[in-house]
Amino acid sequence: MRVRNKPWADDLIAENPEAIVLDAAAHRGHWQDRFKQQQPLQVEIGTGKGQFLIGMAKAHPEINFVGIELQKSVLAAALKTSLPEALDNLQWVLADGDGVETFFEPGEVDQLYLNFSDPWPKTRHEKRRLTYKTFLASYQAVLRDNGKIQFKTDNRHLFEYSLMSMTAFGLQLTEVSLDLHADIAASDGKLENIETEYEQKFSAKGQPIYRLVVEMPD
Ligand code: SAM
Numbered sequence: 001m002r003v004r005n006k007p008w009a010d011d012l013i014a015e016n017p018e019a020i021v022l023d024a025a026a027h028r029g030h031w032q033d034r035f036k037q038q039q040p041l042q043v044e045i046g047t048g049k050g051q052f053l054i055g056m057a058k059a060h061p062e063i064n065f066v067g068i069e070l071q072k073s074v075l076a077a078a079l080k081t082s083l084p085e086a087l088d089n090l091q092w093v094l095a096d097g098d099g100v101e102t103f104f105e106p107g108e109v110d111q112l113y114l115n116f117s118d119p120w121p122k123t124r125h126e127k128r129r130l131t132y133k134t135f136l137a138s139y140q141a142v143l144r145d146n147g148k149i150q151f152k153t154d155n156r157h158l159f160e161y162s163l164m165s166m167t168a169f170g171l172q173l174t175e176v177s178l179d180l181h182a183d184i185a186a187s188d189g190k191l192e193n194i195e196t197e198y199e200q201k202f203s204a205k206g207q208p209i210y211r212l213v214v215e216m217p218d
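The sequence shown begins at 1 in UniProt numbering and counts up by one.
Set out below in structure tokens:
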């Protein structure tokens, strides 16, 4: 996701310290203090402009959400959109998801979302993919037993890679869809899906959306 530099981003972030965290590691083990209610914690890495997590926070007031994004201008756009909604179950974090195990204590996170992660197609960049084994190890370090990772993408190669990487790591595959929107249409409203910005963009072009869910072993 490329965005132009936003001259207002620094001021907006500085003016809203209750909604955005710049020192994620300082909150390790105490994330619930950032929210009005103590309730399950779900985290999206690579949240972009926040469309998915804002939708989730509105649909699920019984869950606390944290959206991690490394580009300041992108996250500032998420913050700008979320502020008028006054969602007390949503926090933004400006950080590289690479450090996730330093941000959360073991078991502090109930569920993780990876949506339309950058594919990094070149083999020499494999380690940057958010489903590479070192990332999976850091997710395992923060997720509770039986915690889940939900992954959506339009990119078939990244999807195949992630299936292999996650199963080789020992994660248990619990759901797979090779055409999420067709499966939703056939589910009579039983499948919940909040669309991300990229998901809308790619599905409007007729591309199928791939989705999988894996579970941490006990
Ligand atoms: N999830 C959004 C969606 O589906 O619309 C955005 C998808 S965009 C292709 C990927 C986003 O992940 C970008 O905003 C990028 O800056 C962010 N990102 C990539 N690697 C990251 C990392 N290691 N930590 C945090 N964010 C990352």
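All C-beta atoms, glycine included, are put in the ideal place defined by N, C-alpha and C.
### Message
At a threshold of 8 Å, does N115 count as lining the ligand SAM (C-beta to nearest heavy atom)?
### Response
yes
### Query
Would the beta-carbon of A95 be found less than 8 Å away from any heavy atom of the ligand SAM?
yes
### Task
Would you decide whether D154 is buried or exposed? Buried here means 16 or more other CB atoms lie within 10 Å of its CB.
buried
### G48 beta carbon near the ligand SAM (any heavy atom closer than 8 Å)
yes
### Query
Exposed or buried, what is W31 when buried is set at 16 or more other beta-carbons lying within 10 Å of its beta-carbon?
buried
### Query
How is Q32 classed by DSSP in three states: helix, strand or coil?
helix
### Message
Using the Cβ count rule (16 or more neighbours within 10 Å means buried), how would you classify M166?
### Response
buried
### Message
Is the beta carbon of F52 closer than 9 Å to that of T196?
### Response
yes
### 6 Å Cβ shell around G107 - same chain, five flanking residues per side excluded
R144
### Query
Name the DSSP beta bridge partners of P174, please?
It is Thr, not Pro, that sits at residue 174 in the sequence shown. Per DSSP, none; premise fails for T174.
### Query
Since E44 and N115 are thought to touch, with beta carbons under 8 Å apart, how far apart are those beta carbons, to the nearest angstrom?
7 Å
### T47, buried or exposed, once every other Cβ within 10 Å from all chains shown has been counted against 16
buried
### Query
Near E69, which residues of its chain fall below 6 Å by C-beta distance, leaving aside the five closest residues on each side in sequence?
T47 and L75
### Query
Sorted by chain position, which residues of the same chain lie with C-beta nearer than 7 Å to L22's C-beta, five sequence neighbours on each side aside?
L94
### Query
When the distance is taken between beta carbons, is L212 closer than 9 Å to S138?
no
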